[in-house]
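Visitor:
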């Protein structure tokens, strides 16, 4: 019934599901885990506050990542933080703008989030949709040069646009928070942004800012899974050192 | 609120697609495989319908801009003209279509992409400034990797020939795999949060 060669992966997936469901349930029942502070997320208020003080706008982009395939988790995380940033901007009285690119499916979601945050103060021109990556380059370079944003968020499944977005933000003198799980863009984020959320940090961010016990439980489950994988890696390395083929013993 | 916008409906659709996709990937049950293929076809159909509604929305938006003469409305004429020209070109044979795409669209796109090169250079300058020890490591590694591609490197510094391969194969590979594992686990976490209805970002 199971495809050949996938049985171990399937067992690991079922095991992961079980851990997640157990720890989420435990957290909902009252045993809420403590999560370490993520400086990039704690800085949201500071960055948006700076925009309010200087009277300059806040710009947010999730890049060209879509809501499908491998980009899905990062785009969802970027959208979670979009809601948080929009709410903070609305509360503090900042001008918030979102630039969506290529992935048209994120526009209604972002629109709903910004409307929820700004309520009757929402304006349709708070969202700019750009249909292609090269067009995004020119839109971002021009807009940031004119508007001089004080705060710039680049969070999501980022592709080659990362360097243009972050460099345009840096030239405009914006404080920047960037985050992605896409390997080739991580160096740009780390070097050009004031705060960065790398890999798993971005994916945990939505849960962190929500403060929802169920969401926090899922972060604890992620940590346990990571420990299991590190343990497995050590066992496999020791096996290699002593001439034992652990993966074949486990049927991987 | 309309029942079609309720979170439960969205979660249920996600759950069905998710479980069928997982089943199709891990098992070889013919029924699940055929349902999986059918759902993938539905996605394509829905995407095309969305494209049609998108076109209508675009038309209405730019018509409104023109009638109200809002800021930048002359560009809306260009959009209508471009749509009309491409529509005619699609039915005028592959030469016209190919010429418009290759000589106009590609040329303009390439021009815009080229200016990103200047951003790359100034971004690299900003990245390689030595502000702390981490930045020093980044600068040294980056310098070695860049010089590795210079033709003279291997002949002038034969003793350092293995360093770039070591940087790529050991510290860089280790960090990359760590990030990938973290992302994979985070993806499972998000999928389960959506499945259980806790993650609501994708529904707005």
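Residue numbers (the working numbering), protein chains in the order written: chain A, 938 to 1189; chain B, 1007 to 1210.
Ideal Cβ positions, reconstructed from N, Cα and C, are used throughout, including at glycine.
Fair warning: this is a prediction, and the values are worked out from it, not measured in the lab.
1. In the structure shown, what three-state DSSP assignment does residue 1132 (chain A) receive?
2. Out of A:1106, A:981 and A:1131, which one is the CA nearest neighbour of residue 1019 (chain A)?
3. Leaving out five residues before and five after residue 1110 (chain A) in sequence, what residues of the same chain have Cβ atoms less than 8 Å from its Cβ?
4. Alpha carbon to alpha carbon, how far is residue 1023 (chain A) from residue 1199 (chain B)? Give it in angstroms, no decimals.
5. Identify whether residue 1065 (chain A) lies in helix, strand or coil by the three-state DSSP scheme.
6. Taking Cβ-Cβ distances shorter than 9 Å, what residues in chain B pair up with residue 1143 (chain A)?
7. Who are the Cβ neighbours of residue 1068 (chain B) in its own chain at under 6 Å, not counting the five residues just before and after it?
8. Note down, in chain order, each residue of its chain lying with its Cβ closer than 7 Å to the Cβ of residue 1139 (chain A), except the 5 sequence neighbours on either side.
9. Measuring CA to CA, which of A:957, A:941 and A:943 is closest to residue 1161 (chain A)?
10. Looking at residue 1154 (chain A) and residue 961 (chain A), is the spacing between their C-beta atoms short of 8 Å?
11. Could you pull out every residue in the same chain whose Cβ sits closer than 6 Å to the Cβ of residue 1159 (chain B), ignoring the five residues on either side in sequence?
12. So is residue 1184 (chain A) buried or exposed if we call it buried at 16+ other beta carbons inside 10 Å?
13. Do you know offhand how far residue 1023 (chain B)'s Cα is from residue 1143 (chain A)'s?
14. What does residue 1187 (chain B) reach in chain A if we use C-beta pairs closer than 8 Å?
15. Quick check for students: name the residue ranges of the beta strand (DSSP E) that lie wholly in the segment 1050-1096 of chain B, counting only runs of 3 or more.
16. Please state if the CB of residue 1194 (chain B) and the CB of residue 1170 (chain A) are separated by a distance shorter than 8 Å.
17. Should residue 1133 (chain A) go down as buried or exposed, given a rule of 16 or more other Cβ atoms within 10 Å for buried?
18. Just to make sure I have the definition right: I need the residues of chain A whose C-beta is within less than 8 Å of the C-beta of residue 1132 (chain B). Which are they?
19. Span of the beta strand (DSSP E) holding residue 1090 (chain A)?
20. Using a Cβ-Cβ cut-off of less than 7 Å, list which residues of the segment 1137-1161 of chain B approach chain A; keep chain order.
21. Mapping the DSSP letters down to three states, classify residue 1030 (chain A) as helix, strand or coil.
22. How would you call residue 1062 (chain A), buried or exposed, if buried means at least 16 neighbouring beta carbons within 10 angstroms?
23. In chain B, which residues lie with their C-beta within 9 Å of the C-beta of residue 1085 (chain A)?
24. Find out if the Cβ-Cβ distance for the pair residue 1129 (chain A), residue 1107 (chain A) is shorter than 8 Å.
25. Could you name the residues of chain A that residue 1108 (chain B) contacts, counting a contact when the two beta carbons are closer than 8 Å?
26. I want to verify the contact list: residues of chain A whose CB lies under 9 Å from the CB of residue 1044 (chain B), in sequence order.
27. Classify residue 1040 (chain B) as buried or exposed, calling it buried when 16 or more other Cβ atoms lie within 10 Å of its own Cβ.
28. What did DSSP end up calling residue 1125 (chain B) once you bin it into helix, strand or coil?
29. Could you name the residues of the same chain whose beta carbon sits closer than 7 Å to that of residue 1193 (chain A), not counting the 5 residues immediately before and after it, in chain order?
30. Can you give the Cα-Cα distance for residue 986 (chain A) and residue 1027 (chain A), rounded to whole angstroms?
31. Is the beta carbon of residue 1021 (chain B) sitting closer than 8 Å to the one on residue 1201 (chain B)?
32. If you draw a straight line from the C-alpha of residue 1170 (chain B) to the C-alpha of residue 1141 (chain A), how long is it?
33. Quick check: residue 1016 (chain A) and residue 999 (chain A), are their CB atoms within less than 8 Å of each other?
34. Starting from the Cα of residue 1093 (chain B), find the closest Cα among B:1061, B:1128, B:1117 and B:1043 and give me that residue.
35. Under the three-state reduction of DSSP, which class applies to residue 1012 (chain B): helix, strand or coil?
36. Are the C-beta atoms of residue 1128 (chain B) and some chain A residue less than 8 Å apart?
Guide: Inspection of the coordinates gives the following:
1. DSSP places residue 1132 (chain A) in strand when its eight states are reduced to three.
2. A:981
3. 1085 and 1087
4. 22 Å
5. Correct three-state label for residue 1065 (chain A): strand.
6. 1196, 1199, 1205 and 1207
7. Cβ neighbours of residue 1068 (chain B) beyond the five flanking positions: 1082 and 1085.
8. 1011, 1014, 1092, 1116, 1117 and 1118
9. A:957
10. yes
11. 1153
12. Exposed.
13. 23 Å
14. 1163 and 1166
15. Qualifying beta strand (DSSP E) stretches: none in this window.
16. Contact flag unset, no.
17. buried
18. 1104, 1107, 1128 and 1129
19. 1088-1092
20. 1144
21. coil
22. exposed
23. Chain B residues near residue 1085 (chain A): none, gap ~17 Å exceeds 9 Å.
24. yes
25. Those within 8 Å of residue 1108 (chain B) in chain A number zero; the least Cβ separation is about 15 Å.
26. By Cβ distance, chain A contributes nothing, its closest Cβ being about 17 Å from residue 1044 (chain B), past 9 Å.
27. That one is exposed.
28. Helix at residue 1125 (chain B).
29. No answer is possible for residue 1193 (chain A): the residues shown for chain A start at 938 and end at 1189.
30. 11 Å
31. yes
32. Going by the C-alpha atoms only, they are around 33 Å apart.
33. yes
34. B:1061
35. Three-state result, residue 1012 (chain B): coil.
36. yes
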